[in-house]
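Notes for the one structure printed next.
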Amino acid sequence: MNILANTDETLGRLELELSSARAELAHLAKETAEAAESLRASEEFKTRLLACSRDCIKVLDLEGRLLYMNEGGMTVLEICDVGPFLNNSWIEFWDGTDREAACKAVKAAREGGIGRFVGYFEPRISRQPRWWDVVVSPIRDANGNPERLLALSRDVTALKTHEKSLREALQINCEIINGAAEGIILYDRELRYQVFNPFMERLTGKSQAEVLGKIAADVFPRLVPSGIQDALHRALQGEVVQVADALVPKHSAEGHDVWESCTFAPHRTSEGEIVGVIGLVRDVTDRHLAEETFRSIVIGTASATGSDFFPSLVRHMAGALHVRYAFITDCDDQKHAKALAFWKGEDFGENFEFDIADTPCEKVLHGEICHYKEGLTKLFPLDTGLAELGVESYLGVPMLDKAGRVIGHIAILDDKPMERDPNRRQQQGLGGGVAPGGNSRPDRLHRFDRRRDRLRERIDRTRNSFAQQAEPPSVGEVELWRHPDRPG
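Residue numbers (the working numbering): -5 to 482.
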């Protein structure tokens, strides 16, 4: 009886254990099924994710052969069937330097690193230009060693196109800045030079290397008293500042005074924040010198009338241009010239006639503007009058009739070397080629009289404007003096 009882008890216990095991197995089976479903869903999601990606996603073996390409990659590369490409070298897809870059990227990933490059590859059908940002990275096994390679290619054609457009725009800006016939300057908020174009280098004699990164007033202290420094500070506050004419003493490369006409405007970011100043600078020294010269000549000849006009003109022309001698001639045949007026340093000299051959006037009376800086007597040893006057230098300008024929000339001479003035003050004062008009000598003299009378009217008006402290003579007035027969 005891044995049977023990047996029943044992069987009961075994049945309970079996029932528990069955329940546990059922639970495990359920969990396994759920895990499998979750894995299937995850794999399906990953597959859909890869398929939907517009990036070209590829799996390579360690030698760079293609094992897999996603549907999105096939679409962007316009590949209908990836089969022919499988197990072939992905590196061979690329050409030239891109192939070398792909080989290096595969090698880097195979060694556990990251390979990256930007390459050019055209889709197979449309052959449209395409640039790709390519990243190759290792797919590691359970031990952390690379067993496959993942190559991700992203289309960056739009970015490359924008970069190219930006480079071209920057190149155009650079060419404009470097080739501009006026100064272009960029300052930061501390008024340190950021851009200093070649025009400014030529104007000031300072190279970019000498000024970039330095505060403007430290490089050119005279900007402060000239008022330009104040204009820059106003521009930093958001104002567009026009500086009509500012005198900057000893600002040129040669140490001369410079008159500048400037515009300063705030330099802003795309968000509108002021980060500096843009400056445009025009050298208007020529105009000021021309006006100064013209003013001196006009005021000096204002009281001259009739036959006194030409003597008064040469006298004040010599004074305005700071030379010792000046004369005006009439020439009929480009062989023989007659002086109409001659200023001889401290007084008028007697008018004279001379053959133009072997003189510095010869080329001038054949239509050229001639300048001889020094050594005039050595250049023209047969012109003995030069030695008698002790002349060292010469500048002559032809006078032309309306048909363009030479009928005389204006010349200035000095007993010291005459530099080729960078501001062309002498040539401006001489008129740069005067055209009084007329044909025969009587006609020309009559034209001279008419020219004198018309110029006298202008002189009277200009003198009155000076007396009233009005604006100085303009460049137009200078042009009138040069070409008085023009309607005015």
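Glycine residues also receive a C-beta, built at the ideal position from the N, C-alpha and C atoms.
This structure is a prediction, so every number in the text was calculated from the model and none was measured.
Classify residue i as helix, strand or coil using the three-state DSSP reduction.
i    : result
C168 : helix
R457 : Here the model assigns R457 a pLDDT of 43, short of 50, so the residue's position is not dependable, and the following value carries that caveat. Looking at R457 - three-state DSSP - the assignment turns out to be helix.
G232 : coil
F258 : strand
L376 : coil
Q422 : Confidence in Q422 is poor, its pLDDT being 47 and thus under 50, which makes the residue's placement unreliable; the coordinate value appears in the next sentence. In the structure shown, Q422 sits in a helix (DSSP, three-state: H, G or I).
L10  : helix
S264 : coil
K101 : helix
R438 : For R438, the predicted model reports a pLDDT of 48, less than 50, meaning its position is unreliable; a value from the coordinates is still stated below. Reduced to three states, the DSSP call for R438 is helix.
R70  : The question names Arg, yet the displayed sequence has Val at residue 70. The answer is helix: DSSP assigns V70 an H, G or I state.
K338 : strand
A240 : strand
D2   : helix
G221 : coil
G384 : coil
G138 : coil
D182 : strand
G199 : coil
G90  : helix
A15  : helix
If residue i sits next to residue j, beta carbons under 8 Å apart, how far is it from one beta carbon to the other, in whole angstroms?
i    : j    : result
D331 : D324 : Here residue 331 turns out to be Ala, not Asp, going by the sequence shown. Indeed, because the Cβ distance is near 7 Å, the residues count as touching under 8 Å.
G113 : A96  : 7 Å
I401 : M393 : 6 Å
K510 : I363 : This structure cannot settle anything about residue 510, because the visible part of the chain is limited to -5 through 482.
Y187 : V271 : That belief does not hold up - the Cβ atoms of Y187 and V271 are roughly 11 Å apart, past 8 Å.
L274 : C256 : 7 Å
W126 : R148 : 7 Å
V235 : R228 : 5 Å
N191 : G177 : 6 Å
L197 : A210 : Going by Cβ atoms, the distance from L197 to A210 rounds to 14 Å, so no, they are not a contact pair.
Based on DSSP bridge pairs, tell me the residues matched to residue i.
i    : result
P132 : L143
I108 : Its beta-bridge partners do not exist; DSSP assigns none.
H347 : Looking at the sequence shown, residue 347 is not His but Glu. E347 is bridged to K332.
L54  : L60 and L143
K24  : K24 pairs with nothing; no bridge assigned.
V400 : L394
G489 : Because the chain in this structure spans residues -5 to 482, residue 489 falls outside the shown range and cannot be described.
I406 : A320 and L389
R148 : D127
D327 : Answer is none; D327 lacks a bridge partner.
D280 : In DSSP, D280 forms no bridge with anything.
G113 : W126
Considering just the uninterrupted stretch of the beta strand (DSSP E) at residue i, what are its terminal residues?
i    : result
Q525 : Limits of the chain in this structure are -5 at one end and 482 at the other, which puts residue 525 out of reach.
V269 : I268 to D277
H360 : Per DSSP, H360 belongs to no beta strand (DSSP E) and is neither H nor E.
Looking only at its chain, what residues have a beta carbon closer than 7 Å to the beta carbon of residue i, apart from the 5 residues adjacent to it on each side?
i    : result
V76  : M63 and M68
R48  : G66 and V70
F87  : F115
G339 : R318 and Y319
Between which two residues does the alpha helix (DSSP H) carrying residue i extend?
i    : result
K372 : L370 to L373
F79  : Premise fails: F79 is in no alpha helix (DSSP H) and is neither H nor E.
P305 : F303 to L315
M412 : Taken as a continuous stretch (DSSP letters only), M412 belongs to no alpha helix (DSSP H), as it is neither H nor E.
V205 : Q202 to V205
D49  : It is not in any alpha helix (DSSP H) - D49 carries neither H nor E in the DSSP assignment.
A210 : A210 to V213
With a threshold of 6 Å on Cβ separation, who are the neighbours of residue i within its own chain once the five nearest residues in sequence on each side are excluded?
i    : result
D409 : R318, G384 and E386
A381 : T371
L153 : none
F214 : none
G199 : A247
W253 : D239, L241, V278, T279 and H282
K357 : C364
Y388 : P354, Y366, L370 and L407
Q421 : Note that Q421 scores a pLDDT of 49, beneath 50, so its modelled location is shaky; the value from the coordinates is reported in the next line. Excluding sequence neighbours, Q421 sits near nothing in its chain.
L376 : D352
Please return the same chain residues whose Cβ sits closer than 8 Å to the Cβ of residue i, not counting the five positions on each side in sequence.
i    : result
E123 : A small correction: the amino acid at residue 123 is Pro; Glu does not occupy that position in the sequence shown. The residues are Y114, E116 and T151.
L54  : L60, L61, W84, V100, V130, R142, L143, L144 and A145
W337 : P305, V308, R309, M311, A312, Y319, A320, F321 and G343
T263 : V269
F374 : D352, T353, P354 and L380
I171 : I178, V189 and N191
Any beta-carbon of chain C closer than 7 Å to the one on residue i?
i   : result
E72 : The structure shown contains no chain C, having only a single protein chain.
Please tell me whether, using a cut-off of 6 Å, the distance from the CB of residue i to the nearest non-hydrogen atom of the ligand FMN is below it.
i    : result
E162 : Absent from the structure shown: the ligand FMN. Ligands present: none.
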